[in-house]
Ligand SMILES: Nc1ncnc2c1ncn2[C@@H]1O[C@H](COP(=O)(O)OP(=O)(O)OP(=O)(O)O)[C@@H](O)[C@H]1O
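Numbering (full-length UniProt numbering), first residue to last: 1 to 299.
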């Protein structure tokens, strides 16, 4: 894997007796889109705030580009969108970014570059209050993009967007990663995470339950075989694979890769059974996520 940009070790945040983030050890590699995934109140925003240097951990450590999160050298290299920057409704998108740019020591050229990156160059002269929610969110990403930082930390960038807005944001984030930016985003919208993130960290109740690629998280695929008679088919399946196979109401489930499908089909047919259906049934990230977080809640 590429060089790690963000590394946390047992990172913890406690608010009085409440453990908001509980010993989280995570790693975000250069150039990847890392999805921080969890239900409401899981501890996503609190973790991102610690990484952005906005709040201090109660215990554990975090480094960004090998340095402490609040270090000025780090702040120059990261762009943050957490709980939306406050934009002035009566100023244009461009004027809003200019206000922020002046405050952060960036010039007008950087404002134009950021507007261009988030696809708002054509509408930059219009007042912020006339923007759609999707445009407002993109302006937020534009604000984070000022100075072209190499790491973007985006808290729920698609929150409240309609499907078209979600799709636009997804394209924007993918484009940014293709241009070499590293993106750490949080979300409870599993579908988008599944589609655009290279790796995900699943958090619930303050604890990081898993960190892996989406494919690894989903585990092996299941082949679903509907055939008659079931007993003949099950025996045939077991003769060609050692993978666990069981007959249930839907048919026979075989926990194996999709590549086994032709061999399983041949075995069932040559054993004399009628093959009614054969499909590869992959768990969606959503199913995995609910299974994992339900276990955590039940503890
Ligand atoms: N400043 C604070 N004081 C006390 N408790 C807090 C504070 N900030 C967050 N918490 C609590 O810490 C827990 C984690 O909150 P956090 O905002 O990090 O979750 P989240 O995963 O971002 O959820 P959401 O998607 O709802 O924003 C919650 O129970 C929250 O109430």
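No residue lacks a Cβ here, since even glycine has one placed at the ideal position from N, Cα and C.
Report the three-state DSSP secondary structure of residue i (helix, strand or coil).
| i | result |
| --- | --- |
| residue 44 | helix |
| residue 286 | helix |
| residue 15 | strand |
| residue 175 | helix |
| residue 168 | helix |
| residue 93 | helix |
| residue 227 | strand |
| residue 127 | strand |
| residue 321 | No information on residue 321 is available, as it lies outside the stretch 1 to 299 that the chain covers here. |
| residue 294 | helix |
| residue 56 | coil |
| residue 103 | helix |
| residue 116 | helix |
Buried or exposed, going by whether 16 or more other CB atoms sit within 10 Å of the CB of residue i?
| i | result |
| --- | --- |
| residue 18 | exposed |
| residue 191 | exposed |
| residue 131 | buried |
| residue 290 | exposed |
| residue 151 | buried |
Who are the Cβ neighbours of residue i in its own chain at under 8 Å, not counting the five residues just before and after it?
| i | result |
| --- | --- |
| residue 142 | 93, 97, 114, 115, 117, 118 and 120 |
| residue 218 | 282, 283, 284, 285 and 288 |
| residue 40 | 188 |
Residue i and residue j: beta carbons closer than 7 Å?
| i | j | result |
| --- | --- | --- |
| residue 23 | residue 13 | no |
| residue 42 | residue 51 | no |
| residue 86 | residue 134 | no |
Near residue i, which residues of its chain fall below 7 Å by C-beta distance, leaving aside the five closest residues on each side in sequence?
| i | result |
| --- | --- |
| residue 49 | 55 and 82 |
Hey, could you find the ends of the alpha helix (DSSP H) residue i is sitting in?
| i | result |
| --- | --- |
| residue 270 | 261-270 |
| residue 75 | 72-75 |
| residue 138 | 133-145 |
| residue 193 | 190-196 |
Can you find a CB in chain D that lies within less than 7 Å of the CB of residue i?
| i | result |
| --- | --- |
| residue 246 | Absence of chain D from the displayed structure is noted, only one protein chain being present. |
Within the same chain, show all residues whose beta-carbon is closer than 6 Å to that of residue i, passing over the 5 residues directly before and after it, in chain order.
| i | result |
| --- | --- |
| residue 145 | 79, 114 and 117 |
| residue 226 | 251, 276 and 277 |
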